[in-house]
Amino acid sequence: MRFRASAAVLAVTSMLGLVQPAVASGLISTSNAVMVSLKEIESQGQLAKDLAAGGYTHILLSSVAATRENPHPELNPSLVNQPNEPARTGWNGTAVKDGETYQIYVSYDR
């Protein structure tokens, strides 16, 4: 009998815990971003040189855009360091500056 009573109390306590509102503390983080504005189409190799000249390191530019199925193509070695690929409008990869990781975005002024 004692086991059943303890189990019932534990079950009720667990159920009450499920009714509590969700807390998003620590689940949402911000991301640093840098927008590079270009006048003409530039290769990712040139974009990497420009970023390095601006003090960025660990530059990982991806040859494909991020998707739901592949949210971090910059982590796939076969998709980065292709200097002849053109820099795309929008997200192109990541780079580090002063210990912070930045998302690299490109826009073209035409």
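All letters in the sequence shown, in the order written, are residues -24 to -1, 1 to 86 by mature numbering (1 follows the signal peptide of the UniProt record, and there is no 0). In this text, a Cβ means the ideal position worked out from N, Cα and C, and glycines have one as well. Computed from a predicted structure; not experimentally measured.
| Query | Result |
| --- | --- |
| When we look at the beta-carbon of Asp85 and count the other beta-carbons within 10 Å, is it buried (16 or more) or exposed? | exposed |
| Out of Thr43, Gly69, Ser39, which one is the CA nearest neighbour of Asp55? | Correcting the residue identity first, residue 55 is Leu in this sequence and not Asp. Checking every option, the nearest Cα to that of Leu55 belongs to Ser39. |
| Extract the residue ranges of the beta strand (DSSP E) inside the stretch 44 to 69, only unbroken runs of 3 or more that lie entirely within it. | none |
| Which one or two residues does DSSP pair with residue 87 in a beta bridge? | The structure shown does not extend to residue 87, since the chain is modelled only from -24 through 86, so no value can be given for it. |
| With C-beta atoms as the reference, is Pro49 less than 8 Å away from Ala24? | no |
| By Cβ distance, which residues of its chain are closer than 8 Å to Tyr81, with the 5 residues on each side in sequence left out? | Ala9, Val10, Met11, Val12, Gly66, Trp67, Asn68 |
| For Glu16 and Ala63, which I take to be in contact (beta-carbon distance under 8 Å), what is that distance rounded to the nearest angstrom? | 10 Å between Cβ atoms; not a contact. |
| Quick check: what's the CA-CA separation for His34 versus Ala71? | 5 Å |
| Is the beta carbon of Gln20 less than 8 Å from the beta carbon of Glu61? | yes |
| From Glu45 to Asp74, what distance separates their C-alpha atoms? | 30 Å |
| Buried or exposed: where does Leu51 fall if 16 or more other Cβ atoms within 10 Å of its Cβ makes it buried? | exposed |
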